[in-house]
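For what it's worth, our numbering labels the leading residue of the sequence shown as 47, then goes sequentially. Each remark here refers to the structure printed beneath this line.
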Amino acid sequence: TLKDIGAIDKDMILVFNKIDAYVAPAEDDLEAFENGKMNLADFKKSWMSHGKIPVLFISATEKENIEEFKTLLYDKVKAAHTARYPYDNLLY
């Protein structure tokens, strides 16, 4: 775990890949509803409300939300770079 390797205090991004392979339960599937299976929108809402850690849902093969992932990653790297090297504006 992150705690075991001493990385629990590091910035994190939670990325769910393969959203193109997700099969949502049918609207009239009562068994899926009873078993707690959610559609993708409900799944996103449940994870997005968990707090400070950014959550992304991507599909690498279909290039879905890849630009959002790149932007978030760039912003995280930029923040770390600025904290370590405050007088170096190489990245921005």
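Heads up, the beta-carbon is just placed ideally off N, CA and C, and yes, glycines get one too.
With a 10 Å radius around its C-beta and 16 neighbouring C-beta atoms as the bar for buried, classify L102 as buried or exposed.
Along the sequence shown, one-based indexing puts residue 102 at 56. Buried is the call here.
Near E110, what residues of its chain come up, given a Cβ to Cβ distance below 7 Å and the 5 sequence neighbours on each side ignored?
Walking along the sequence shown from the start, residue 110 turns up at place 64. Once the five neighbours on either side are set aside, the close Cβ partners of E110 are I65, D66 and I104.
In this structure, does DSSP put L86 in helix, strand or coil?
In the sequence shown, counting from the first residue as 1, residue 86 sits at position 40. Of the three classes helix, strand and coil, the one that applies to L86 here is helix, per DSSP.
Limits of the unbroken beta strand (DSSP E) element including L119:
In the sequence shown, the residue the question calls residue 119 occupies position 73. Run containing L119: none in the beta strand (DSSP E); it sits in the alpha helix (DSSP H), I112 to R130.
By how many angstroms is the C-alpha of Y133 removed from the C-alpha of L12?
Missing from the structure shown is residue 12; the chain here goes from 47 to 138 and no further.
Beta-carbon proximity list for F115, same chain, < 6 Å, skipping 5 on both sides:
For the purposes of this step, residue 115 is taken as the residue at position 69 of the sequence shown. L102 and I104, listed in sequence order.
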